[in-house]
Amino acid sequence: MSSSPQPPGETAPVSGRRRITGFSNPTVKAIRALRDKKHRKGAGRFLAEGLRLLTDARASGHLPEVLVLSDARDPHPLLAELEAAVTATGGEVLETTPDILSKITGKDNPQGVAGVFAEFDTSLAAIDRAGADIWLVAQALRDPGNLGTMLRTGDAIGAGGLILIDDCADPFGVEAVRASMGAVFTQRIARAPWEEFLPWLRGGAGQLVAASLRDARPYREAPYAAPCFILVGNESRGLPEDYEMACDLRVTMPMKGRADSLNAAVAAAVLGYEVLAGLGR
612 MSSSPQPPGE TAPVSGRRRI TGFSNPTVKA IRALRDKKHR KGAGRFLAEG LRLLTDARAS
672 GHLPEVLVLS DARDPHPLLA ELEAAVTATG GEVLETTPDI LSKITGKDNP QGVAGVFAEF
732 DTSLAAIDRA GADIWLVAQA LRDPGNLGTM LRTGDAIGAG GLILIDDCAD PFGVEAVRAS
792 MGAVFTQRIA RAPWEEFLPW LRGGAGQLVA ASLRDARPYR EAPYAAPCFI LVGNESRGLP
852 EDYEMACDLR VTMPMKGRAD SLNAAVAAAV LGYEVLAGLG R
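Using the working numbering, the letters of the sequence shown correspond one by one to residues 612 to 892.
Okay, structure coming up:
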């Protein structure tokens, strides 16, 4: 019996790995397309790169469906464990050149390993508000770097996750995933319009807190209560007035210089640590 032909730009598997050698290979094209939001949404998959990030994913219970390895990678026991885990769960392992991996990730110096993951359930129904004392909430956050930083901050302060309100950057975009430093796998992520979020919040326990100048009290003297939902707004416009007025608590942070506001992710971090301290008092 004759063997079936290999796809273009691909050689016979070696040691259980598919070997891809051509830029025009359909698998390369499909994975590379995940850098585009439209294709990510259609496929329900996203791309993550780097051994540390993928190791954090595994530690959090997430394994890639497809693991892509550079043939110029340095051996590492964590990488060997990751490959074995992916294979054991029925995932696929690909081996390719640094140039092709660079094309897939969009980076000139790829880190030697990347993974394709299934997107998570981002409905509010998946959020267990009692699972954490602090939750971060971002409204119309447009910068993926800020989004990733907020996920990283949430992980640092022990928050349950990040709830994205209205039209925000994609949390599964390459830039946001990279900026999260693995926190995209440790933090719950939900997405909803304000009209859905507010009734959900009021349907159970939860204090909604926002930085504001409207009838606000000093942020270091505020009576925070768990579960506390810390709300920040768009990088340039801030929060709409009606969103602020719907909050249970509005706090203000001192601005000693000429700047009249903080970066959205920085504001979330400052408030997050203050709430963490306040709840521990």
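Note that the Cβ used here is the ideal one computed from N, Cα and C, for glycine as well. Keep in mind that this is a model prediction, so the values were computed, not measured.
query                                                                                                                      : result
Cβ separation of S734 and T707, assumed to be a contact under 8 Å, to the nearest whole Å                                  : Actually they do not touch by this definition, with Cβ atoms about 35 Å apart.
Chain-order list of residues whose beta-carbon lies under 7 Å from that of G756 (same chain, five-residue window excluded) : E786 and A790
Rounded C-alpha distance that separates V639 from H687                                                                     : 24 Å
Strand pairing of Q818, partner residues [DSSP]                                                                            : C839
8 Å Cβ shell around A751 - same chain, five flanking residues per side excluded                                            : I776, D777, D778, C779, G844, N845 and R848
Straight-line gap, L645 to R628 (C-alpha atoms, nearest Å)                                                                 : 21 Å
Nearest-angstrom Cα separation, counted from A767 out to R831                                                              : 20 Å
Opposing strand residues paired with P829 [DSSP bridges]                                                                   : T863
Helix, strand or coil at S681 [DSSP, three-state]                                                                          : strand
Alpha carbon of A803 to alpha carbon of A683, nearest angstrom                                                             : 42 Å
Buried versus exposed call for G772 [16 or more other C-beta atoms within 10 Å across all chains shown]                    : buried
Inter-stretch contact at 8 Å, needing at least 3 Cβ pairs: the segment 802-818 / the segment 835-844                       : yes
Coil, strand or helix - S613 by DSSP                                                                                       : Confidence at S613 is low in this model, with a pLDDT of 38, below 50, so the placement of that residue should be treated as unreliable; the coordinate-derived value is given next. Three-state DSSP puts S613 in coil, outside helix and strand.
Same chain only: Cβ atoms within 8 Å of V881, ignoring 5 sequence neighbours per side                                      : Y830, M864 and L873
Range of the contiguous beta strand (DSSP E) that encloses F657                                                            : R656 to E660
Proximity winner among R643, V877, F783 and L758, relative to F731 (alpha-carbon distances)                                : F783
Nearest-angstrom Cβ-Cβ length linking T700 and L674, presumed shorter than 8 Å                                             : 6 Å
S635 versus G868: straight-line alpha-carbon distance, rounded                                                             : 54 Å
From G769, R825 and L758, residue whose alpha carbon lies closest to that of D744                                          : G769
A827 beta carbon less than 8 Å from that of R861                                                                           : yes
Selection from L689, A641 and M856 that minimises the alpha carbon distance to R825                                        : M856
Own chain residues within Cβ distance below 8 Å of Y884, not counting five before or after                                 : I768
Span separating the alpha-carbon of A736 from that of G633                                                                 : 43 Å
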